[in-house]
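Asks: Per my numbering, the very first residue in the sequence shown carries number 11; after that it's consecutive.
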Amino acid sequence: MCTEIFCWNVRGFNVHSHRNGFKKWYKATKPIFGGLIETHVKQQKRSKFINELLPGWLFDDNYGFSELGKIWVIWHPSVQVTILSKSLQMVTCDVLLPNSPQSMVISLVYASNLEDSRKFLWSEIRDVAASVVNTTKPWILLGDLNQTISP
Numbered sequence: 011m012c013t014e015i016f017c018w019n020v021r022g023f024n025v026h027s028h029r030n031g032f033k034k035w036y037k038a039t040k041p042i043f044g045g046l047i048e049t050h051v052k053q054q055k056r057s058k059f060i061n062e063l064l065p066g067w068l069f070d071d072n073y074g075f076s077e078l079g080k081i082w083v084i085w086h087p088s089v090q091v092t093i094l095s096k097s098l099q100m101v102t103c104d105v106l107l108p109n110s111p112q113s114m115v116i117s118l119v120y121a122s123n124l125e126d127s128r129k130f131l132w133s134e135i136r137d138v139a140a141s142v143v144n145t146t147k148p149w150i151l152l153g154d155l156n157q158t159i160s161p
């Protein structure tokens with residue numbers, strides 16, 4: 011079982027108990043790449059939260075699409091990450107873990123509660139799937155899809 015990769019719906023990182031729950035889990039599992047979704051944290055506070063919990067880690071986000079940064083991508087400096095695309099509901103990365111012979115594509119998702127918005131997400135997912143099919147890289151999709159409209 012791979013415990014180096016994760017996605018956690020924190021349901022508000024401003025809540026102290028939510029940060030403590032993540033911190034306890036992190037210390038027990040020691041992942042090196044992941045996503046935090048539904049953070050409800052304004053951009054100017056993001057660095058403070060990440061640096062307190064995971065000093066030295068690198069990060070990216072989708073604040074360009076949402077003032078509450080629905081998706082944070084975080085990784086240990088030993089991991090090589092290239093952001094391939096960002097949107098309101100998904101961030102897709104090329105990720106090379108240490109000692110791994112090949113990188114993989116990882117999409118972190120926090121789907122809208124609105125059906126019409128989720129249709130755009132499904133279109134994005136189909137586009138990523140089509141592009142990954144033309145490579146030899148594995149693809150992992152992690153996150154909260156809320157209500158699915160398509161299998």
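For every residue, glycine included, the Cβ atom is placed at its ideal position computed from N, Cα and C.
1. Name the one or two DSSP bridge partners that Leu151 has.
2. Could you have a look at Lys96 and say whether DSSP puts it in helix, strand or coil?
3. For Leu152, which option in Trp132, Ile116 and Glu134 has the closest C-alpha, if you only look at C-alpha atoms?
4. With DSSP as the reference, identify every bridge partner of Leu63, one or two as the case may be.
5. Measuring alpha carbon to alpha carbon, tell me which residue in Pro41, Ala140 and Leu78 is nearest Thr13.
6. Which same chain residues end up closer than 7 Å to Phe69 when comparing Cβ atoms and leaving out the 5 residues on each side of it in sequence?
7. Let me check understanding here. Comparing Cα to Cα, which of Lys37, Arg29 and Val105 lies closest to Ser88?
8. For Asn72, does the count of other Cβ atoms within 10 angstroms reach 16, so buried, or fall short, so exposed?
9. If I measure Cβ to Cβ from Asn156 and keep anything under 6 Å in the same chain, skipping five residues before and after, which residues do I get?
10. As an exercise, report each continuous beta strand (DSSP E) stretch of at least 3 residues that is fully enclosed by the stretch 19–76, in chain order.
11. Provide the residue span of the beta strand (DSSP E) that contains Val89, from first to last.
Replies: Straight from the coordinates:
1. According to DSSP, which records beta bridges pairwise, Leu151 is partnered with Ser117.
2. Of the three classes helix, strand and coil, the one that applies to Lys96 here is strand, per DSSP.
3. For Leu152, the nearest C-alpha among the options comes from Ile116.
4. By DSSP's assignment, Leu63 forms no beta bridge with any residue.
5. Looking at the Cα atoms, Pro41 is the closest of the given residues.
6. Excluding sequence neighbours, Phe69 sits near Ile60, Trp82, Val83 and Ile84.
7. Residue Val105 is the option with its Cα nearest to Ser88.
8. Burial call: buried.
9. Here Asn156 has Ala121 and Asn123 as same chain residues with Cβ atoms under 6 Å from its own Cβ, once five neighbours each way along the sequence are excluded.
10. Uninterrupted beta strand (DSSP E) stretches at least 3 residues long and entirely within the stretch 19–76 occur at 43–47 and 68–71, given in chain order.
11. Counting along the chain, Val89 sits inside no beta strand (DSSP E), nor does DSSP assign it H or E at all.
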